[in-house]
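Here the structure is laid out as structure tokens; the discussion comes afterwards.
Residue numbers (UniProt numbering): 1 to 368.
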């Protein structure tokens with residue numbers, strides 16, 4: 001039996017079809033489905049996590065010096081090393097003031113984790129505005145911080161993170177007509193570069209849309225449960241295969257690749273489902289397969305079907321926007337390269353790839 005877990009989907013699209021603002025959040029859920037016969041042959045991810053801890057020992061006393069000099073130097077060295085060690089130990093012990101995750105240090109005036117730091121910086125730099133779909137009092141903790149961007153940003157400001165501390169100098173310089181300029185100030189060269197970036201994302205697609213089967217494109221063709229499971233498995237594996245085919249993804253450390261896929265595979269699955277124009281009746285059939293394979297209590301059935309409904313609504317919203325292949329590739333790259341993944345060894349590089357994907361999408365939409 002395969003367990004399929006859905007997470008919240010952020011930053012997918014707006015009513016203008018520009019894909020520049022977030023849509024409604026999807027609550028976490030689990031979709032049990034009898035996909036064993038179809039998914040066993042596919043790739044599997046084994047997650048291994050290593051924890052390395054240790055602080056450098058203070059340097060030994062330098063030989064050949066006088067007692068006074070040695071004492072003074074040792075005292076200074078010991079004091080400096082002790083201070084550095086205490087700061088490092090303090091940042092390791094302090095929790096993120098926003099979500100309670102492990103703090104990586106002081107960012108924009110407060111101790112926060114890398115995820116909240118990047119979220120705050122991205123929100124301030126791009127002057128993003130969010131909407132809460134609840135009562136503007138959503139929980140913001142390690143497990144729910146991605147569900148409501150409005151409440152997350154609200155808490156960042158409430159706990160004292162400073163907007164003015166975000167350095168805007170490293171943002172891509174914008175010339176007139178809104179085009180991103182490179183260091184030489186040539187907008188045309190920048191446009192060519194971003195177009196090449198999108199081409200790389202498009203070439204990474206393992207299968208054209210038609211390869212998902214004609215059943216997926218013909219909403220009047222009733223599909224059996226076995227076909228539904230096979231289609232779902234193919235869409236899931238194609239998402240992983242697409243990530244592996246992106247030239248810059250394999251350059252990341254393997255643990256970073258695994259962390260990114262573990263966090264984002266469900267969003268990539270939703271985007272693939274919309275990209276192949278999955279018909280409306282597929283989601284209930286997938287739910288029926290899960291309920292048949294794993295009987296559950298009445299309360300769980302109600303919650304389970306509610307999650308199926310939300311998934312179906314998200315796919316339908318994306319289909320209404322009439323997103324093309326280039327836009328889908330950019331959105332999937334934005335989703336994949338998220339700094340919210342735990343344990344990333346090169347957060348700055350992942351963040352730069354996400355910003356590059358955002359710039360490419362913005363430039364592409366303007367050119368249409």
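All residues carry an ideal CB built from backbone N, CA and C; glycine is no exception.
Under the DSSP assignment, residue 248 falls outside any beta strand (DSSP E); it carries neither an H nor an E label.
Under the DSSP definition of a beta bridge, residue 95 partners with 102. A straight line joining the alpha-carbon of residue 131 with that of residue 251 spans about 36 Å. Excluding residues up to 5 positions away in sequence, 350, 353, 354 lie with their Cβ nearer than 6 Å to the Cβ of residue 337 in the same chain. With respect to residue 333, residue 263 sits apart: the two C-beta atoms are not nearer than 8 Å. In the structure shown, residue 337 adopts coil according to DSSP, grouped into three states. Looking from the CA of residue 116, the closest CA among 164, 234, 104 belongs to 104.
As computed with DSSP, residue 110 is found in a beta bridge with 107.
Cβ neighbours of residue 99 within its own chain (closer than 7 Å, five residues either side excluded): 113, 116, 140, 141, 142, 145.
Using a 10 angstroms sphere on the CB of residue 234, the tally of other CB atoms reaches 16 or more, which defines it as buried.
For residue 143, there is no enclosing alpha helix (DSSP H), as DSSP gives it neither H nor E. At the C-beta level, residue 245 and residue 204 come within 8 Å of one another. Rounded to the nearest whole angstrom, the CA to CA distance from residue 317 to residue 276 is 14 Å. When rounded, the separation of the alpha-carbon atoms in residue 339 and residue 134 is 25 Å. Here the C-alpha atom of residue 232 lies approximately 33 Å from the C-alpha atom of residue 366. Note that the C-beta distance between residue 159 and residue 97 is below 8 Å. In this structure, the alpha-carbon of residue 271 lies about 35 Å from that of residue 164.
Shown here for residue 197: same chain residues with a beta carbon closer than 7 Å to its own, the five before and five after excluded, namely 356, 360 in chain order. DSSP places residue 343 in the coil class of the three-state scheme, outside both helix and strand. By the criterion of a C-beta distance shorter than 8 Å, residue 345 is surrounded in its chain by 253, 255, 256, once the five residues flanking it on both sides are discounted.
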